[in-house]
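In our numbering, the protein residues as written are 210 to 546.
Glycine is no exception: its CB is placed at the ideal position from the N, C-alpha and C atoms.
Note that this is a predicted model, so its numbers are computed, not measured.
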């Protein structure tokens, strides 16, 4: 009898351990721990790291990556990927500047139309993925090249100045000492968090990422959800492009080169699965902070730029490697139970 009770208790403990290991809370706690360790290391190496000015500098760099990461998180959770985000960001600035400087359209309307162009690109990506059923990697890799080429064609390869104080406020302005772009990013994260965790749409995205076919059989409109999520990714990428143009007071077809890889690194570092169905916006937010603080700390400690990409890539590999180990532990514990 005692042996049976002990066995049941042991089995119950293993199941609780599996649930704990599988839970998103552990991933988020690990991310926070990683973030704190990075901060402690850099604070011990540089007396300027913990200063207010440095925190504000980090805050100014968070907006662009953070805004695009929201859309990328949703796309990855749904089982897709969007490699066109950097090109789309460049397109928004280029279209805005051309409409304002060459067509004479008021800057506010030109900005809205620039965002509309990015929404159209996102919708086309979604249509090709959801309706035509072209692989998301191939679809967005093609649009990555096409959209970047369009940005060069439309701008003639030239940089256009956007010397307008109201326009520059989004990228350079502050509200109560906090960068406006950072406030915008946090607002968008909050809105997206509510959508993903407290609406049927968000729950459906997780289901689609887990199994699109099972979701379809369960009555979920898979195509419509994918169309919406890719369109949102295009909109958020375009908004990030406006922030970049605002910060630089200019638009350039070369803007945001490599942004897609930085964003994917931040999202995956935050615990979102590349296979879909798993991830949180809180994890993504912490992942963005880790990458931006890491870059800042390496500059503060005067680490050669040749090694900065090596360090960032190594941190990503360690984070993903730990996640894989955690998943294997979950499987092992379940098998033994």
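Q. DSSP beta-bridge partners for residue 370?
A. Residue 370 is bridged to 459.
(Q) Restricting to Cα atoms, I'd like to know which of 453, 429 and 237 is closest to residue 461. (A) Of the candidates 453, 429 and 237, 453 places its Cα closest to the Cα of residue 461.
Q. Which residues bound the alpha helix (DSSP H) around residue 417?
A. Where residue 417 is concerned, the enclosing alpha helix (DSSP H) stretches over 409-419.
**Q.** Spatial distance of residue 362 from residue 237 (CA atoms)
**A.** The alpha-carbon atoms of residue 362 and residue 237 are separated by roughly 43 Å.
Q. Are residue 444 and residue 328 closer than 7 Å when you measure CB to CB?
A. For residue 444 and residue 328, yes; Cβs fall inside 7 Å.
**Q.** Any alpha helix (DSSP H) of 4 or more consecutive residues that is wholly inside the segment 423-499
**A.** Uninterrupted alpha helix (DSSP H) stretches at least 4 residues long and entirely within the segment 423-499 occur at 431-457 and 468-478, given in chain order.
(Q) My output table needs one value for residue 388: the three-state DSSP class, helix, strand or coil. (A) Note: residue 388 maps to strand in three-state DSSP.
Q: Report the rounded CA-to-CA distance for residue 315 versus residue 373, giving the unit in angstroms.
A: Each residue's Cα considered, the two are about 11 Å apart.
(Q) Which same chain residues end up closer than 6 Å to residue 202 when comparing Cβ atoms and leaving out the 5 residues on each side of it in sequence? (A) Since the displayed the chain opens at 210 and closes at 546, residue 202 lies outside it and no answer follows.
Q: Under the assumption that residue 281 contacts residue 473 (Cβ atoms under 8 Å), give the Cβ distance between them as a whole number of angstroms.
A: Between residue 473 and residue 281 the Cβ distance is about 6 Å, and since that is below 8 Å, they are a contact.
Q. Between 403, 417, 394 and 297, which lies nearest to residue 352 when the distance is taken from Cα to Cα?
A. Checking every option, the nearest Cα to that of residue 352 belongs to 297.
Q | Rounded straight-line distance, which links the Cα of residue 534 to that of residue 265 | A | Their backbone Cα atoms lie some 36 Å apart in a straight line.
**Q.** Beta-carbon contacts of residue 258 that lie in its chain and below 7 Å, excluding the five residues immediately before and after
**A.** Taken in chain order, the residues that qualify are 251, 252, 506 and 509.
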